[in-house]
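Beneath this line is the structure, given in structure tokens, with notes to follow.
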Amino acid sequence: MIYRLLALNIDGTLLQSNGKIHKSTKEALEYVQQKGIYVTLVTSRSFPSAKKVAKALKITAPLITHQGAFIASNVEKPVYVKRINEDITYDTIRFLEAMPCQIRLVHEQFSLANKLKLNNQLLAKTVFTSGDPVFYSQQFVSSLSEYLHDQPVSPPKIEVYFEDERDLKDSVQALRKMFSEIEVIQLDSLRLDIVPSGVSKLTGLSYLGNQLGIKRSEMVYIGDGLDDIPLIEAAGLGVSMWNADFEVKRASDWVTRSKNEQGVAYMVKEHFRKQQPIEFLRKMKIIKN
């Protein structure tokens with residue numbers, strides 16, 4: 011099979027535990043791009059945060075960010091954007107404020123979160139060091155609903171960090187019953203992402219593939235999270251990291267090494283070494299466009 015697109019998750023896939031990208035990973039992605047293979051990132055991160063990673067990897071193509079709700083290579087000129095409308099955002103926040111959780115409205119140009127004393131120190135660290143660049147405004151307010159009452163916001167995504175697994179489960183059930191206008195995506199036992207209805211990492215990647223004339227069967231996807239499973243199953247070659255949960259590995263065609271053992275670089279060398287450059291395959295009329 012000839013693969014024409016390589017899509018990767020960021021956290022737990024490209025980044026090591028120290029938050030850095032290994033030199034071999036950068037070299038592997040540069041190598042694959044030189045062969046004419048389209049490389050993109052598919053992430054729950056905000057666009058500015060993903061763009062920072064893309065810049066380090068010399069990826070200039072549109073990025074699928076905010077769980078698929080915002081696709082762009084330039085923040086001012088999105089290829090695709092879908093938002094949660096102001097009223098639904100407000101009602102969702104009102105519901106979530108009834109329980110102990112950190113709520114973060116993630117716009118492509120700023121984020122807005124509630125001030126909440128988090129007992130779980132690891133959770134607090136996750137929320138406050140989300141990898142966003144310094145120029146990305148992060149504001150904390152005492153009451154999100156009061157703020158939104160005066161200054162409505164229509165974000166592509168809402169992140170919710172719980173301290174208790176039971177609260178997360180109850181919230182998922184309630185939100186799915188209350189609102190048909192949103193999708194509730196569980197990332198792990200304490201984290202939810204809320205996006206507009208019909209939005210997901212998979213719909214985002216499919217949209218970009220259609221724009222480029224690349225079929226899913228010609229795509230390779232590498233990920234590690236529960237929200238990566240649909241992409242791993244849909245891609246021509248679905249790859250999971252060794253550090254992924256069992257359910258993610260079970261959905262994969264191939265399991266590579268862990269994020270701290272340069273799993274992305276290893277996978278790229280194993281699978282793309284023998285593939286001829288796309289331009290050569292075109293000249294040979296092996297692929298049409």
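Here the working numbering is used: the first residue of the sequence shown is 11, the next is one more, and so on. Here a beta-carbon is modelled for each residue, glycine too, at the ideal position from N, C-alpha and C.
query: Three-state secondary structure (DSSP) of Asn-270; result: helix
query: Nonlocal neighbours in the same chain, by C-beta distance under 6 Å from Ala-123, ignoring five residues either side; result: Arg-114 and Phe-150
query: Span of the beta strand (DSSP E) around Thr-302; result: Because the chain here runs from 11 to 299, residue 302 falls outside it and cannot be looked at.
query: Val-49 burial status per 10 Å Cβ neighbour count (16 or more: buried); result: buried
query: Same chain, Cβ closer than 7 Å to Ala-38, neighbours up to 5 away in sequence not counted; result: Val-274, Ala-275, Val-278 and Lys-279
query: Contact between the stretch 220-228 and the stretch 256-268 (3+ Cβ pairs under 8 Å); result: no
query: Opening and closing residue of the alpha helix (DSSP H) in which Lys-33 lies; result: 33-44
query: Buried/exposed call for Thr-139, threshold 16 Cβ in 10 Å; result: Residue placement at Thr-139 is poorly supported in this model, since its pLDDT is 44, which falls under 50; the coordinates still yield a value, given next. Burial call: exposed.
query: DSSP three-state assignment for Thr-70, whether helix, strand or coil; result: coil
query: Residue range of the beta strand (DSSP E) that includes Asp-160; result: Run containing Asp-160: none in the beta strand (DSSP E); it sits in the alpha helix (DSSP H), 154-160.
query: First and last residue of the uninterrupted alpha helix (DSSP H) at Asn-28; result: No alpha helix (DSSP H) holds Asn-28; DSSP gives it neither H nor E.
query: Buried versus exposed call for Asn-19 [16 or more other C-beta atoms within 10 Å across all chains shown]; result: buried
query: Contained alpha helix (DSSP H) runs [length at least 4] in the stretch 195-243, N- to C-terminal order; result: 211-222
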